[in-house]
Amino acid sequence: MKILRVFAWLLLSLLLILVGVSSYLPFYLQNHKAELETAASKALGRPVVIDRVTLGWLLHPRPALSIALQGLRVSNPDWDKDDALGPYLLEADRVDLSLQLRALLWRQVRIDQLLIRDARLMLRKTPDGRNNWQLGGSKDKDTGKIRLRMPRIQVFDSEIAFAPAKGRVRRADITELQLDGLGAPPLVLQAELRINQTPLRLSANVGTSAGTSSGASSDASANTGANSNASDAQAPTGARWPFQVQAQSADTRIELNGSAPAPFEISGLEAKLQVQGPTAIPLGNIAGITGLPDAPFQLNTDLSWSGQTLKASAISGSLDAHALPAPLTLSDGEINISTHQAWSVRLAGKLGDQPAMLQLAPIDPPQGDAPVSGAQAGGPQTTATQSAATKPTSDLMIEATLADSRFNGKLRPASADARARLSGTLKLGAINLGQLTRAQAKQADASPPPKAPATKTQSATAPSWIDRPLPFAALTRFDADLDLAAEALTWKQITLRKLQAQAKLSGGRLQIDGARLALPGLTVTGQAVIDASAKSPALSLQIKTERIDLAEARSMLTQSPKLDGRIVNLSLDAAATGSTPATLIRALSGTLKAESMRLLPPAKRGQETAAIELTSPSVRVDAGQAVRFTTSLARAGQALDLTLTGGPLADLLPAGQSWPRIEIAAQTRIHQHALSIRGHLGPLAAIGAGRDLRVNLTLTEDTGLSGALTGTLARLDGLAGNQLQAQFKAKSLATLHPGLPAQPFAASARVQGQADQIELLDLKAKSAGSDLAGQVRIALRERPQIDATLNAETLDLIPFLAPDAHPDTNPADKPGGAKEDVVSPIQRNNTSERPLPLDALTRLDGSLKLSAAQVQFGHFSIDNGQLYASLDAGHLVLAGDAGQDRLSVNLDVQPGQTSWQFDLHHQGNLNLDDLIKSKHRQTTASDLPAAIDIRLHGTGASMPALLGTADGHLGLVLGAGRLDRKASGLPLGGVVVSLLDTVNPADFSTIDLRRDLLSLKCAVLQFDVADGIATSKRGLALQTDNLNVLGGGAIKLETGEIQLSFKTAKRTGVGLSLLGIADRFIDLTGTLKAPRASINRRDLLVESGAAWATGGLSLVADQILGRLSAFGNPCEKVLKRYSDAP
0 MKILRVFAWL LLSLLLILVG VSSYLPFYLQ NHKAELETAA SKALGRPVVI
50 DRVTLGWLLH PRPALSIALQ GLRVSNPDWD KDDALGPYLL EADRVDLSLQ
100 LRALLWRQVR IDQLLIRDAR LMLRKTPDGR NNWQLGGSKD KDTGKIRLRM
150 PRIQVFDSEI AFAPAKGRVR RADITELQLD GLGAPPLVLQ AELRINQTPL
200 RLSANVGTSA GTSSGASSDA SANTGANSNA SDAQAPTGAR WPFQVQAQSA
250 DTRIELNGSA PAPFEISGLE AKLQVQGPTA IPLGNIAGIT GLPDAPFQLN
300 TDLSWSGQTL KASAISGSLD AHALPAPLTL SDGEINISTH QAWSVRLAGK
350 LGDQPAMLQL APIDPPQGDA PVSGAQAGGP QTTATQSAAT KPTSDLMIEA
400 TLADSRFNGK LRPASADARA RLSGTLKLGA INLGQLTRAQ AKQADASPPP
450 KAPATKTQSA TAPSWIDRPL PFAALTRFDA DLDLAAEALT WKQITLRKLQ
500 AQAKLSGGRL QIDGARLALP GLTVTGQAVI DASAKSPALS LQIKTERIDL
550 AEARSMLTQS PKLDGRIVNL SLDAAATGST PATLIRALSG TLKAESMRLL
600 PPAKRGQETA AIELTSPSVR VDAGQAVRFT TSLARAGQAL DLTLTGGPLA
650 DLLPAGQSWP RIEIAAQTRI HQHALSIRGH LGPLAAIGAG RDLRVNLTLT
700 EDTGLSGALT GTLARLDGLA GNQLQAQFKA KSLATLHPGL PAQPFAASAR
750 VQGQADQIEL LDLKAKSAGS DLAGQVRIAL RERPQIDATL NAETLDLIPF
800 LAPDAHPDTN PADKPGGAKE DVVSPIQRNN TSERPLPLDA LTRLDGSLKL
850 SAAQVQFGHF SIDNGQLYAS LDAGHLVLAG DAGQDRLSVN LDVQPGQTSW
900 QFDLHHQGNL NLDDLIKSKH RQTTASDLPA AIDIRLHGTG ASMPALLGTA
950 DGHLGLVLGA GRLDRKASGL PLGGVVVSLL DTVNPADFST IDLRRDLLSL
1000 KCAVLQFDVA DGIATSKRGL ALQTDNLNVL GGGAIKLETG EIQLSFKTAK
1050 RTGVGLSLLG IADRFIDLTG TLKAPRASIN RRDLLVESGA AWATGGLSLV
1100 ADQILGRLSA FGNPCEKVLK RYSDAP
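Per numbering that gives the first Met the number 0, the sequence shown starts with residue 0, numbered consecutively.
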């Protein structure tokens, strides 16, 4: 019992001692902080500062007391005066060390673990080759008697920065790092880092297989007998030390497996390197290298280091990058790098299906050994005796082949006072780029790349290619002098042949001279300059081609228009400044022009192609100004000067507003008259889309013709849905066609497109006294068809059938009662008539339905006119009637081989009072019945030819009444009026007659027509209040000439003396338009008449005059002869 009490007191005393020691130890450590700083400074060879030293408690790997260093700072060496990264090599907020007290008895500092938090390690390499992490502690006599071992080092939330002699500072964030086995193998490293914002997981094993755990290593090290003389770690069983290193960032992995002769001895190292992943970008971010491919890749190689040469052999791998025309495969390769600066590279593989090879080697490498660092020699690193700036460099030989293409050249590496320079000759054979990309396209179709997950760093408005900077800066990094040549480059259906060029790059200025290449249908030559040395890169380009054969050139297009022809002397001269495609386009100025262009659109079946000739076509672009196109265009003898003005070229960029409209200005001449067309189309996007194109055009002609066309074209590849409004007016219809009358007109219509046809709706037209309204449909076929339905309140035909007439002239106002100028076509002098435009009838089909409330023909007017017409393959059928069928006309025109055949039937039976217009409808107006009958058949291409071959019949029968002089406008009416003026002069009239009215009992004019000659075979008759008149003769219809002769006889019971008139011959000569009557006091004019009229005049002498008497009605006698005729 007593023993237990004594033991208890001993334990209590020991506890009190421990409590006292633990209470006193922190004060002891803090009081001796200076000695600790001095000892550490001597050991490291640079000042060490500790803010505070305290006790701590660590639980892992085993509970133990620790010494906590707070505010630890290790300074840079004295020679490092660069404070870019700060004055300290290491700064740590807290460092915890757990010591084994028992090991101190053996003069060993055994630290179970070293834990570092919130540390910043700043590493720097100076231009003279020195490193700030190179430690140089003092060599006191007691220094080597203490051995330092640390089984475990842990680092949390710290940072490492490295500043190379040249280049940017690289930084790495340590999230967690654990290193086990320092001083006792195996060495195991586990770390999670973030380098350049890229996460990296790293693990390594040295001196053991990858399967040995770090915990086992730590425990084995901890259990090592402290009382044994611990020495340096010995190599494991076997001659070499194995190691394994693995690194992974995202799905990209690096594996390095190999062995070394001894720990940390790299001479004699042998390893295998494997790198693979879906993208190489994480490795580029970690290494600070830009431009690595964002594509699947794989690399395998064997590495070895002999102490003098680093060798990579058996290189194989693959790369499937979009920047390459086809997947790249490496099958074999070797890289040798010597400390004597002698090195070589050889790679062999395939690009797609094409074999490829690359060889690199220095030309005349420097001889002798290069300075070797202290680390390589096994001793402390010494200052380099030759700086990098003065190390000799040698040119690099480059030899590369791809299929039958080859590059031979050399590369002079960059130095302190000169850029790298590449020179050589590139000769390409026949390369089909489509075959190179076929495998890549198949792979993309089979397994499309997965869509990247959305992250905060991804921008929804990432710049497109048009706004991305072009790699002009790359031109400032090296110089070049290259000769380029290619036999043939084929991409899809385009083949470039005989490509040649010389490229020189110096000081950021690239000049391409002697460029020449052949494309289907053309050969292009030119030069270009790219100056990247300026703040804003500048480009200039001059190219030209002497001739472009469009039939061959359009073979380069997948969907080419069926257009043949040629372009002569096409040239492009352009210049721009900017760093992106968008800025280059905005600043672009240049001219694209040609000497001439000849375009041959496809011809319709059975027709020849009408060529389109363009003279001096030119497209001009000025920075910030509207694009302008000018040319002189000609087709089918019609010339046109055309100017198109769009908007700035920058508006066509993806972010632009396109062109809202394209201004049009055109000048041409039609029938020697100047015509101007102005307006605009738009927007340009509608032309590209082929729909919703707005049109606003106006035209003016120096003859007074003007018009406007406005509306929207719903689609450009068809007519359906198009809506336009058309308005036209002119001072003369003759501006539309020389055969139309010279009177003003105005017309408007709503133009509507349908499938394969155009409709003119709400058509309204006015010309002089005529008006038309209705609709017209134009079917667009091989031979167009026009169908019209028109209505008119008033339709005046005299301007169209007798354009020389002047109906407003009152014949009563003419001296001596001159004959009226308003005449029918039969009465006109046709000797100067133009050919009828009948050929136009064969170019189209159609129909016409025309209704007119009133039809006017000079002084004649009739109500309720109807006209029906049809045209089919040149066959014209026309039928018209008026006055409730009291007047009708039928015309049939058919094409022949060399001329046209026509049949005309015109008849009427009405009262002249209903036909002749009068300002005053009085009882004294012309009120007598009239019957007209015309039947003609002829052949010809003009009115004189038609009348000159006519056969048929002409007839006019007038009843009793007062005949208005305006009746001279009727067929044969002029003959009657002239004869009445002669046989019934007003001076002998017992009745006070108006001068514009003539008294008539009857008149009969009947002619038989043969070969254009109208002959009165059965006589002509007229009766007045005083006289009976019989006669005959002939009319030459082709010229309108007349040869008529009459015999007068005083009627029985008439007491009035007709001196000089009764029982006399009256001759009518001249023309139907201007007949001349004279009294022949001698005899009948037969022998002196024209040959063509002899037959008609002989009938007067032989048959008619013998029946003339003072009794009876001569009109009835003539009519009876016609009715009795067989």
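Note that beta-carbon positions come from the ideal geometry of N, C-alpha and C, so glycine has one too.
Excluding sequence positions up to five away, which residues of its chain have a Cβ less than 7 Å from the Cβ of residue i?
{"i": "residue 422", "result": "408, 409, 479, 480 and 481"}
{"i": "residue 90", "result": "72, 118 and 119"}
{"i": "residue 455", "result": "With a pLDDT of only 45 at residue 455, under 50, the local geometry of the prediction cannot be trusted, and the value read off the model is given with reservation. Here the set comprises nothing."}
{"i": "residue 21", "result": "With a pLDDT of 47 at residue 21, under the threshold of 50, the modelled position of this residue cannot be trusted, and the question is left open."}
{"i": "residue 343", "result": "335, 359 and 360"}
Kindly list the residues whose CB is nearer than 8 Å to the CB of residue i, restricted to its own chain and excluding five residues on each side of it in sequence; keep chain order.
{"i": "residue 898", "result": "938, 939, 940 and 944"}
{"i": "residue 349", "result": "327, 328, 330 and 355"}
Would the beta-carbon of residue i fall within 9 Å of that of residue j?
{"i": "residue 864", "j": "residue 849", "result": "yes"}
{"i": "residue 851", "j": "residue 927", "result": "no"}
{"i": "residue 844", "j": "residue 853", "result": "no"}
{"i": "residue 953", "j": "residue 1013", "result": "yes"}
{"i": "residue 765", "j": "residue 759", "result": "no"}
{"i": "residue 1018", "j": "residue 1065", "result": "no"}
{"i": "residue 907", "j": "residue 930", "result": "yes"}
{"i": "residue 773", "j": "residue 788", "result": "yes"}
{"i": "residue 694", "j": "residue 723", "result": "yes"}
{"i": "residue 1024", "j": "residue 1047", "result": "no"}
{"i": "residue 647", "j": "residue 578", "result": "no"}
{"i": "residue 258", "j": "residue 241", "result": "yes"}
{"i": "residue 248", "j": "residue 169", "result": "no"}
Out of the options, state which residue places its alpha-carbon closest to the alpha-carbon of residue i.
{"i": "residue 318", "options": "310, 396, 302 and 277", "result": "277"}
{"i": "residue 719", "options": "790, 708, 667 and 778", "result": "778"}
{"i": "residue 974", "options": "949, 1045, 912 and 342", "result": "1045"}
{"i": "residue 465", "options": "650, 316, 641 and 425", "result": "650"}
{"i": "residue 686", "options": "698, 658 and 704", "result": "658"}
{"i": "residue 483", "options": "290, 1000, 292 and 425", "result": "425"}
{"i": "residue 640", "options": "416, 616 and 790", "result": "616"}
{"i": "residue 996", "options": "1015, 911 and 1039", "result": "911"}
{"i": "residue 411", "options": "356, 477, 405 and 573", "result": "477"}
{"i": "residue 270", "options": "299, 284 and 289", "result": "299"}
{"i": "residue 295", "options": "322, 186, 305 and 285", "result": "322"}
Short of 6 Å in beta carbon distance, which residues of its chain neighbour residue i, apart from the five on each side in sequence? Order them along the chain.
{"i": "residue 172", "result": "158 and 193"}
{"i": "residue 594", "result": "567 and 568"}
{"i": "residue 393", "result": "361, 362, 363 and 364"}
{"i": "residue 721", "result": "712, 713 and 752"}
{"i": "residue 126", "result": "164"}
{"i": "residue 611", "result": "598 and 634"}
{"i": "residue 254", "result": "245 and 273"}
{"i": "residue 176", "result": "154 and 190"}
{"i": "residue 79", "result": "131"}
Give me the DSSP bridge partner(s) of residue i.
{"i": "residue 850", "result": "790 and 865"}
{"i": "residue 929", "result": "909 and 957"}
{"i": "residue 777", "result": "757 and 785"}
{"i": "residue 328", "result": "317 and 349"}
{"i": "residue 537", "result": "530 and 576"}
### Inter-stretch contact (C-beta, 8 Å, three-pair minimum) for the stretch 496–506 and the stretch 610–620
Contact annotation: the stretch 496–506 does not touch the stretch 610–620, with fewer than three C-beta pairs closer than 8 Å.
### Message
Assess contact between the stretch 708–722 and the stretch 687–699, defined as three or more Cβ pairs (one per stretch) separated by less than 8 Å. Is contact present?
### Response
Here the stretch 708–722 makes contact with the stretch 687–699; the two share three or more CB pairs at distances below 8 Å.
### Message
Contact between the stretch 491–498 and the stretch 516–528 is defined here as three or more beta-carbon pairs at a separation below 8 Å; is this criterion met?
### Response
Per the Cβ contact rule, the stretch 491–498 is in contact with the stretch 516–528 (3 or more Cβ pairs under 8 Å).
### Message
Under 8 Å, with one C-beta from each stretch per pair, do the stretch 574–584 and the stretch 556–563 reach the 3-pair mark?
### Response
The count of Cβ pairs closer than 8 Å, one atom from the stretch 574–584 and one from the stretch 556–563, stays below three, leaving the stretches out of contact.
### Query
Three or more beta-carbon pairs under 8 Å between the stretch 525–539 and the stretch 549–559, yes or no?
Look at the beta carbons and you see the stretch 525–539 not touching the stretch 549–559: under three pairs across the two are nearer than 8 Å.
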